[in-house]
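In the UniProt record's numbering, the protein residues as written are 1 to 313.
Here a beta-carbon is modelled for each residue, glycine too, at the ideal position from N, C-alpha and C.
Worksheet: the structure to be examined is printed underneath.
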């Protein structure tokens with residue numbers, strides 16, 4: 001198990017390097033000049049050349065990338081071109097909003113998906129077929145469209161929740177939870193039904209195996225068979241799917257935070273792209289990539305715990 005985890009950690013390093021390099025190159029060839037963004041309306045050829053030299057933009061791309069990577073390993077992701085605030089500080093101010101949104105959405109979708117899937121697997125028949133159709137429909141619903149519908153229904157027509165804004169937990173726990181209800185609901189539809197379908201399929205497959213019949217023949221209670229054996233045996237693909245949906249939710253926060261005006265990383269990327277604040281964009285991408293690596297690492301731990309065969313691979 002330890003060897004497997006060390007191997008996964010070793011693979012994470014080149015992944016971060018590749019993502020950061022590709023992001024750096026894409027930003028480098030994107031329209032716009034960071035030096036012009038810094039100068040604003042007071043652009044002259046002399047000032048433009050001076051600022052480009054200060055930012056290191058007059059150096060070759062690989063040299064620029066190496067300088068950025070060297071600083072990044074020391075915890076310095078550069079400074080915002082517009083505010084001159086350190087990128088790490090800007091991300092630190094907003095990452096709590098994004099993580100609150102994603103973690104709550106993941107908990108709701110996982111718990112709800114497991115319960116719905118278990119009902120579908122144990123009941124079968126029309127319940128199972130209905131679950132199949134609902135999962136297909138939920139996966140086809142665009143998050144931004146669902147967000148607008150939720151705002152129309154539950155913030156305008158029936159003002160139960162705020163349409164926009166975010167309240168920090170330090171200010172009010174109730175207000176914090178209240179401000180997250182609609183954004184979380186926007187993110188959970190497809191993941192919840194996807195997890196429900198996977199749970200149903202995996203449990204039905206496990207219930208049809210010989211070991212379940214043997215446990216029933218030994219007189220073990222149905223509840224114990226379900227919770228201790230069937231669900232754990234079915235959990236392996238579910239854990240993998242939960243990790244995939246967590247990563248997808250990180251991308252989905254761009255829509256949710258934009259629709260509901262939440263000050264998170266998703267809205268930060270959108271505003272930075274609009275203003276050409278390239279250091280902030282690159283910093284957010286690298287931090288999100290690091291989050292993906294951490295999630296994959298946790299999935300590997302859970303997978304190894306559930307499946308002893310994986311520990312020897």
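In the assembly as shown, residue 133 is an exposed residue. Its beta-carbon has fewer than 16 other beta-carbons within 10 Å.
The count of Cβ pairs closer than 8 angstroms, one atom from the region 151–161 and one from the region 217–234, stays below three, leaving the stretches out of contact. The Cβ atoms of residue 118 and residue 225 do not sit closer than 9 angstroms to each other. When DSSP reads this structure, residue 79 sits in a beta bridge with 86. Secondary structure of residue 183 (DSSP, three-state): helix. Separation of the CB atoms of residue 277 and residue 81 is rounded to 5 angstroms, and the pair is thereby assigned contact status at 8 angstroms. C-alpha of residue 65 to C-alpha of residue 75: approximately 15 angstroms in a straight line. In this structure, residue 187 lies near residue 249, with their beta-carbon atoms less than 9 angstroms apart. At the C-beta level, residue 106 and residue 237 stay beyond 9 angstroms of one another. For the pair residue 15 and residue 258, the Cα-to-Cα distance works out to about 28 angstroms. Collapsing the DSSP output to three states places residue 44 in coil.
Under the DSSP assignment, residue 247 falls in the alpha helix (DSSP H) whose first and last residues are 231–259. Excluding the 5 residues flanking it on each side, residue 176 has same chain C-beta neighbours closer than 7 angstroms at 167, 168, 169, in chain order. Around the Cβ of residue 30, a 10 Å sphere holds fewer than 16 other Cβ atoms; the residue is exposed. The residue among 89, 54, 270, 271 with its C-alpha nearest the C-alpha of residue 36 is 54. Each residue's CA atom was taken as its position, placing residue 272 and residue 88 some 14 angstroms apart.
A distance below 6 angstroms between beta-carbons, with the five flanking residues on each side excluded, links residue 234 to the following residues of its chain, in chain order: 202, 203, 206. Secondary structure note for residue 148: its alpha helix (DSSP H) is the uninterrupted segment 143–151.
Going by DSSP, residue 124 is part of no alpha helix (DSSP H) at all; its letter is neither H nor E.
In the structure shown, the three-state DSSP call for residue 65 is helix. 9 angstroms or more divides the Cβ of residue 128 from the Cβ of residue 138. Contact annotation, residue 180 with residue 100: C-beta distance approximately 6 angstroms; criterion of less than 8 angstroms satisfied.
Assignment of residue 14 by DSSP, reduced to helix, strand and coil, places it in the helix class. For the pair residue 285 and residue 97, the CB atoms are not nearer than the 9 angstroms cut-off. Less than 9 angstroms separates the beta-carbon of residue 131 from that of residue 200. With respect to the 9 angstroms criterion, residue 77 and residue 70 are not classified as neighbours on the basis of their beta carbons.
Looking from the CA of residue 79, the closest CA among 62, 56, 61, 252 belongs to 56.
Per the C-alpha coordinates, the member of 239, 212, 247 positioned closest to residue 230 is 212. Nearest C-alpha to residue 103 among 6, 159, 255, 247: 247.
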